[in-house]
Amino acid sequence: MQLNITGKTVEVTDAMRGYLNEKFAKLEHYFEHINQVYIVLNVEKVNHVADATLHVNGGELHASSAEQKDMYAAIDGLIDKLAKQLKKHKEKMKQH
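Offset between the sequence shown (1-based) and my numbering: plus 526.
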């Protein structure tokens, strides 16, 4: 899985990159055919938002975290949403 991380109005630190790599590696437990991931981190005034687009076998998934007070909480919210989407996608793939 290839991660492409972009910070719009925030500098992406090595700690953030490590945290993202760790969290997205766990998503492969739900669906092992994740090809590419595009992540955009953004700070709007005091709210932190994390967006991601996953290119997987059989489609593309997109999720955005709810606005949070810190970036790590935004990333956690994003991972939760993507995990649910990957479970649904895997079930759809099994049915076909």
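Idealized CB from N, CA, C, for every residue including glycine.
What separation, rounded to the nearest whole angstrom, lies between the Cα atoms of residue i and residue j?
i      : j      : result
MET597 : LYS620 : 34 Å
ILE601 : HIS559 : 21 Å
VAL569 : GLU617 : 34 Å
LEU608 : LYS549 : 11 Å
GLY544 : ALA576 : 15 Å
ASP606 : THR535 : 23 Å
ASP585 : HIS615 : One detail in the question is off: residue 585 reads as Gly in this sequence, not Asp. In a straight line, the C-alpha of GLY585 is about 9 Å away from that of HIS615.
GLU537 : VAL566 : 11 Å
MET631 : GLU593 : Outside the displayed range of the chain (527 to 622) lies residue 631, so it cannot be described from this structure.
Just to confirm, is the Cβ distance from residue i to residue j under 9 Å?
i      : j      : result
LEU580 : GLN562 : yes
LYS669 : VAL572 : There is no way to answer for residue 669, as the model of the chain reaches only from 527 to 622.
PHE557 : LYS613 : yes
TYR564 : ALA541 : no
According to DSSP, which residues form a beta bridge with residue i?
i      : result
GLU570 : ASN573
GLN621 : Answer is none; GLN621 lacks a bridge partner.
GLU593 : According to DSSP, GLU593 bridges with nothing at all.
GLY585 : VAL582
Quiz prompt | At least three beta-carbon pairs within less than 8 Å, the region 587–594 to the region 531–542 | solution = no
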